[in-house]
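Participant: Before I ask anything, let me first share the structure, which is written out below as structure tokens.
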Amino acid sequence: MRSRTSKGSILAGLLLAAGAGTGRADPTWPAPTDQMEEIVFQLQGMDGSLFSDNITPCDNEAAGPGRVTASEWLRVAFHDMATHNRFFDRGGLDGSLQFELRSSENTGPGHNTTLQFYATYLSSRSSLADLIAAGAYAAVRACGGPVIPLRMGRKDALTAGASGVPQPENSVGSFVSQFDRMGFSQTEMIQVVACGHTLGGVHRTEFPNIIPAGVSNIPFDTSKATFDNRVATEYVSGNTTNPLVVGAAVAINRHSDFKVFNSDGNATINTMTSPSAFQSICQTVLQKMIDVVPSTVALTPPIAPYTVKPQDMQLTLQSGGATFLLTGKIRVRTTEIPGSTITNLVLTWKDRNGGNSCGSLSSCSTTATLQGIANGFDDTFAFFPIEATIPTSAGISSFTITINRNDGSSQTFDNNGNSYPLSDAVVLQKTQSCLLQTSGQLTVSAVVRNDVVGVPVNLGIEYQTPRTGNSGNPVPAINTATVQMTEGDCVGPYTFYSASYTIPGGRSYNARININAGEHTDDFNKASIFGGTCGTFTGTLACGNVTEPVSTTSSSSVASSTSTSVSSTVTSSTGVPTPSIRPSVGGYNFVDCWTEGAGGIRALGGAAFAYDEMTLESCAANCTGFDLWGTEYGRECYCGNSLHSSSSEAPEVECNMPCGGDPSAFCGAGNRIQLYSTTATRSTSATPTPTATLSIKPTVGAYVRVGCQTEASAGRALSGNSYASDDMTLESCAAFCSGFTYFGAQYSRECFCGNTINGNSAPAPDADCSMTCAGDPFSYCGAGNRLELYILETASTSTSGSVAPPEATTTATATGTSTTSAVPTGTLSRVPTVSPYSYAGCYTEGTGSRALTGKSTYDSEMTLEFCASYCSGYKYMATQYSAECFCGNTLHSTSTEAAQGDCSMTCSGNEFQYCGGPNRLELYVQDDVQAPLSPSQPETVGNWTFYQCRTEGSPGRALAAETFAADTMTLEACADFCAGYTYFGTEYARECFCGNSFGVGSIEAPAAECSMTCAGNGSQFCGAGNRLSVYQAA
């Protein structure tokens, strides 16, 4: 849920007022740009949008080998804008490219793959046109370019635009005329081309007459994945290899960059050889490019992240009807207000009439502490979870936020004098609503305050449907539906309303839900928050009228938005609970306090999670399908089906740290796990059982169960399509595999589709498929190397797997590589050399660490050649589990040679090559590449000096001020993060901690015990399990 207020108030979000003493302006919340603000700025970490994942780092080739994805995002913006006609006031950046993908002006796969990615963020509050503009901003920023001011409010076109994208063969006069039509001068034309061509290059598949045979692509300059001025300096100095300036393009008059740059005698391109001038010019001209829209479209001022922003604020009427539960988060921009300076945050609410009545509570406030962090390209954020009980007799209308600092000062934010609105007139009841994602069957319940009378209560649904026909448009259409809700029971001052609707299109998980009652609304709620079964509300409060609350407290409200001195801290109406051991959680029982494994090995090796709002319940949910799980250090969660032999029972009192998200429960301690074990018993009966009972499902939609099935010994049993999700259900897997003959769920969270069963996959005992679905604890989703297999009811019921995949032929292309029409032909054998690598053998994965830690990727069309190209420059490359590729300069010491027969899985993209196996690497090495020196603990890192290897504290962290974790961790990254502190320490290869002093129980340890190499630099040590490599500031 994004907001809950009257419809008119969202328009106030366009107004800007002075920020609360921060020197910058926040919008008035909620604002129409809120959805895009989170997509663009809140990228990684807690509630991260992950919008930048495919372009970070800048050389990310998510769109395919040799393709710099960031360059394709930038060119999508240009191609979408380029058909603008300023004379007729039409076109511009309007998302029309989705309808123009089959035009000869828009060649190559980059446009399609980019729009496919953007489509996952599409909604009524995030238009495709705005997403394209945001993609251009993100691509430039990810590659080290300037911050392009980003406005919102673009409108999506409903049809294709006119033609007119400039082509390489055009004359100089045509180029000048085309750019003039778009609204650019000749100088700006040169600038746009130079700024756009600082990334990426030209590909032979799109321009075979420009790129010679045997070469897949040629970059525009020698730094194709850096937003810099080399495209200009190399051109001016005469040593450019830009294929649109020199080479084959010249003879056929397609050297378009030369024609453009030279059109004014090289005057403009010469001004762009200065690094600072290049950045400044590109910032200006690229903003102009993404701001090209018809005059009927009014763009907002450039957006910026809020200093303080409420998120996911949700009221829920609790059982009995006497109270609401208020939940949500307050996000603070720690770029401006460092998280280390914040003691806590206090949310103070006003009753439904704007007064200070708190009903039965002693105060109308609740206190929150920092529980999570996130970051973007230029900003960091901290999250303060909110949870408070509010009497329905008093209600709520708005709130203010006060940040209390460590130095005793405070700062109050009141939404530019308006307070943050939160109406209790209409409230969506999540627990009484449900959605079956396979069929789209939706039931929604809400409560409406009894004084909101005489108006219809409607359910609004925003949903997406795939495009029909053969247009090739990957962007779904947005549709809306309205259903009048039916009045139900009255509970206290509220009345229930409900409605049902079947969402078409097969994408119900992307739907948004609105409840409307006259001017009141509870809107933009994700349908995916609903479970598959509607809960029952238990109400005991007699139906009654809404009465005006009477003030029962003497607390004063703070309305000022400037920094003020607060003499005392407002606290929650309830005291801090005393933590205790929870004997059972869901289907799991408490076992005991348990140690971690020895030598840095995890006691539970299945899956791991870490976040500051950890609870026992969330860890149990994370580990759905595993037999064991445990919490550690207050914020870490580990899953597995067995305990490592070096782990042992510990005294119960040593698990003494409260959970980060629930101080009433214990969540282990340093090197101690709060261990729980499943109570489930595997059922082998296919007889349907009542709801909420773990059992086999005989049918799922149009599919009937085949049984438990093994994976193929050389590849996947089902190789048509696949995906993984922490919300996996049999229904979502069936919907994903719609059109395939078979679907199968595996390892709790993986889904596979196919029309045939490959290899020697065979039936297995039902008891082998013992893992429950990650998103449905009452259904089975296979297990390790086991598929819960289903077949279309209308298809053959044979599960023998005797149907062989179609044979295909291999043909040589002009580039000298091979392409396939389906599957390559040949003989399955070991490949001795994959240039420039030579086969080294079958190797095990490392123990407690990857054997190769340089970089890795997954591809459903994996081949040895692809992996070799991906690992270019590394000493080692290896394939694993058919579709995974790993690179590195050192082989972890715990990785050892295994029997060659263990590497028996064929490559997902070439069934005649071996690509490792489960936990086995098909290893190749470059003998002429010098591996880096053995890892060491550097004496200095910048201005920091190595202090000592230290243990963690007990209880608590050794360094507790700030922390972050990353799979690219280096000592330098941790040092930069901890600037301003006395100490920083790295732990467990990927974790970083800062502080000015050491916590209780932390002591010096032998230096040899800090033995794990940094996740982002194999030549450095970054602590180990329960061990910190500590550095001290100079």
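Mapping of the sequence shown onto this note's numbering: residues 1 to 1034, in sequence order. Even glycine gets a Cβ: it sits at the ideal position worked out from N, Cα and C. Note that this is a predicted model, so its numbers are computed, not measured.
Going by DSSP in three states, S1019 sits in which element: helix, strand or coil?
Facilitator: Indexing the sequence shown from 1 puts residue 1019 at position 1019. Reduced to three states, the DSSP call for S1019 is strand.
Participant: Give every residue of the same chain whose Cβ lies closer than 7 Å to the Cβ of S1029, excluding the five residues on either side of it in the sequence, and list them in chain order.
Facilitator: For the purposes of this step, residue 1029 is taken as the residue at position 1029 of the sequence shown. Same-chain partners within the cutoff: Q937, C949, G985, T986, C1010, F1021, C1022 and G1023.
Participant: Leaving out the 5 sequence neighbours to the left and right, which residues in its chain are closer than 8 Å to T772 when beta-carbon positions are compared?
Facilitator: In the sequence shown, counting from the first residue as 1, residue 772 sits at position 772. Same-chain partners within the cutoff: T624, G625, A680, L694, S748, F778, S779, Y780 and C781.
Participant: Roughly how many angstroms separate the alpha carbons of L971 and A374, rounded to a whole number?
Facilitator: As a position in the sequence shown, residue 971 is number 971, starting the count at 1. As a position in the sequence shown, residue 374 is number 374, starting the count at 1. So the alpha carbons of these two residues sit roughly 20 Å apart.
Participant: If you drop the 5 nearest sequence neighbours on each side, which residues of the same chain put their C-beta closer than 7 Å to that of M196?
Facilitator: One-based indexing of the sequence shown puts residue 196 at position 196. According to the sequence displayed, residue 196 carries Gly and not Met. Once the five neighbours on either side are set aside, the close Cβ partners of G196 are L74, R75 and F78.
Participant: Just confirm the distance between the C-beta atoms of V147 and M289, as a whole number of angstroms; I'd bet it's less than 8 Å.
Facilitator: Indexing the sequence shown from 1 puts residue 147 at position 147. Indexing the sequence shown from 1 puts residue 289 at position 289. Between M289 and V147 the Cβ distance is about 15 Å, and since that is not below 8 Å, they are no contact.
Participant: Looking at the structure shown, is A213 part of a helix, part of a strand, or coil, going by DSSP?
Facilitator: Against the sequence shown, residue 213 aligns to sequence position 213. Of the three classes helix, strand and coil, the one that applies to A213 here is coil, per DSSP.
Participant: In terms of alpha-carbon separation, which member of M905, S508, T348 and C992 lies closest to C434?
Facilitator: Residue numbering aside, residue 434 sits at position 434 when the sequence shown is read from its first letter. It is S508.
Participant: Grouping DSSP H, G and I as helix and E and B as strand, with all else coil, what is C364?
Facilitator: The residue given as residue 364 occupies position 364 in the sequence shown. Three-state result, C364: coil.
Participant: Specify, as a first and last residue, the run of the beta strand (DSSP E) that V40 falls within.
Facilitator: Within the sequence shown, numbered from 1, the residue matching residue 40 stands at position 40. Careful: V40 lies outside any beta strand (DSSP E), inside the alpha helix (DSSP H) at D34 to F41.
Participant: Apart from the five residues on each side of it in sequence, which residues of its chain come closer than 8 Å, Cβ to Cβ, to I478?
Facilitator: Here the question's residue 478 lines up with position 478 in the sequence shown. Result list for I478: L122, S123, S124, E462, Y463 and Q464, in chain order.
Participant: According to DSSP, what are the bridge partners of N375?
Facilitator: Position 375 of the sequence shown holds residue 375. Note: N375 sits in a beta bridge opposite Q44 and T380.
Participant: Is the stretch 94-114 touching the stretch 161-170 in the sense that three or more CB pairs, one from each, lie closer than 8 Å?
Facilitator: The stretch 161-170 is in contact with the stretch 94-114.
Participant: On the DSSP bridge list, what partners appear for P763?
Facilitator: For the purposes of this step, residue 763 is taken as residue 763 along the sequence shown, with counting starting at 1. Partner(s): Q709.
Participant: How should F88 be labelled, buried or exposed, when 16 other C-beta atoms within 10 angstroms of its C-beta is the threshold for buried?
Facilitator: If you number the sequence shown from 1, residue 88 lands on position 88. Exposed is the call here.
Participant: Mind checking which residues open and close the beta strand (DSSP E) that includes D776?
Facilitator: Counted from its first residue, the sequence shown places residue 776 at position 776. D776 to Y780 is the span of the beta strand (DSSP E), which, as asked, contains D776.
Participant: Since T968 and G1016 are thought to touch, with beta carbons under 8 Å apart, how far apart are those beta carbons, to the nearest angstrom?
Facilitator: By 1-based counting over the sequence shown, the position of residue 968 is 968. By 1-based counting over the sequence shown, the position of residue 1016 is 1016. Sure, about 4 Å apart at Cβ, within 8 Å.
Participant: For R204, which residues in the same chain have their Cβ closer than 7 Å to its Cβ, ignoring the five residues on either side in sequence?
Facilitator: The residue given as residue 204 occupies position 204 in the sequence shown. Excluding residues within five positions, the ones whose Cβ falls inside 7 Å are I211, V215, S216, N217 and T815.
Participant: Can you tell me whether DSSP reads T348 as helix, strand or coil?
Facilitator: Counting from 1 along the sequence shown, the entry for residue 348 is found at position 348. Note: T348 maps to strand in three-state DSSP.
Participant: Within the present structure, is the beta-carbon of G417 separated from the nearest heavy atom of the ligand MG by less than 7 Å?
Facilitator: The model depicted lacks the ligand MG and carries no ligand whatsoever.
Participant: Which first and last residues belong to the alpha helix (DSSP H) in which V76 is found?
Facilitator: One-based indexing of the sequence shown puts residue 76 at position 76. T69 to M81 is the extent of the alpha helix (DSSP H) around V76.
Participant: Which word fits I1003, buried or exposed, when buried means at least 16 other C-beta atoms lie within 10 angstroms of its C-beta?
Facilitator: For the purposes of this step, residue 1003 is identified with residue 1003 of the sequence shown, where counting begins at 1. Label assigned to I1003: exposed.
Participant: Taking A70 as the reference, give the member of N106, R86 and L115 with the closest Cα.
Facilitator: The residue given as residue 70 occupies position 70 in the sequence shown. Measuring from the Cα of A70, the nearest candidate turns out to be L115.
Participant: Taking T114 as part of the alpha helix (DSSP H), name the residues at either end of that continuous run.
Facilitator: Here residue 114 refers to the residue found at position 114 when the sequence shown is read from its first residue. Note, T114: alpha helix (DSSP H), G110 to A119.
Participant: If distances are taken between C-alpha atoms only, which option among G606, L361, T438 and V475 comes closest to S528?
Facilitator: One-based indexing of the sequence shown puts residue 528 at position 528. Selected option, being the one with the closest Cα: T438.
Participant: Rounded to whole angstroms, what's the CA-CA distance from S908 to R990? Just pull it up for me.
Facilitator: Stepping through the sequence shown from its first residue, residue 908 is reached at position 908. Stepping through the sequence shown from its first residue, residue 990 is reached at position 990. Distance between the alpha carbons of S908 and R990 is about 30 Å.
Participant: Based on the DSSP secondary-structure assignment, which residues constitute the bridge partners of F964?
Facilitator: The residue given as residue 964 occupies position 964 in the sequence shown. In DSSP, F964 forms a bridge with C992.
Participant: Could you pull the start and end residues of the beta strand (DSSP E) that E788 belongs to?
Facilitator: The residue labelled residue 788 in the question sits at position 788 within the sequence shown. It spans R786 to L792 - the beta strand (DSSP E) in which E788 sits, taken as one unbroken run.
Participant: Taking C-alpha atoms, which residue in A774, T56, V292 and I696 lies nearest to C619?
Facilitator: Numbered from 1 along the sequence shown, position 619 holds the residue referred to as residue 619. Minimum Cα distance to C619 is reached at A774.
Participant: Provide the residue(s) that pair with G841 in DSSP beta bridges, ordered along the chain.
Facilitator: Along the sequence shown, one-based indexing puts residue 841 at 841. L923.
Participant: In three-state DSSP terms, what is V193?
Facilitator: On the sequence shown, position 193 is the one that residue 193 refers to. Looking at V193 - three-state DSSP - the assignment turns out to be helix.
Participant: DSSP three-state label for F261, please.
Facilitator: Numbered from its first residue, the sequence shown carries residue 261 at position 261. Three-state DSSP puts F261 in a helix.
Participant: Could you give the first and the last residue of the continuous alpha helix (DSSP H) run that contains L158?
Facilitator: For the purposes of this step, residue 158 is taken as residue 158 along the sequence shown, with counting starting at 1. Unbroken run through L158: none, as it is neither H nor E.
Participant: Which same chain residues end up closer than 7 Å to R449 when comparing Cβ atoms and leaving out the 5 residues on each side of it in sequence?
Facilitator: One-based indexing of the sequence shown puts residue 449 at position 449. Counting only Cβ-Cβ distances below 7 Å, and skipping sequence neighbours, we find D424, A425, P493, Y494 and V546.
Participant: Hey, out of G916, V452 and L891, whose CA is closest to C899's CA?
Facilitator: Translated into positions along the sequence shown, residue 899 becomes position 899. The amino acid at residue 899 is misidentified as Cys; the sequence shows Ala. The shortest C-alpha separation from A899 is found at G916.
Participant: Straight-line CA distance for E613 to D662?
Facilitator: Along the sequence shown, one-based indexing puts residue 613 at 613. Along the sequence shown, one-based indexing puts residue 662 at 662. Looking at the two C-alpha atoms, the distance is approximately 8 Å.
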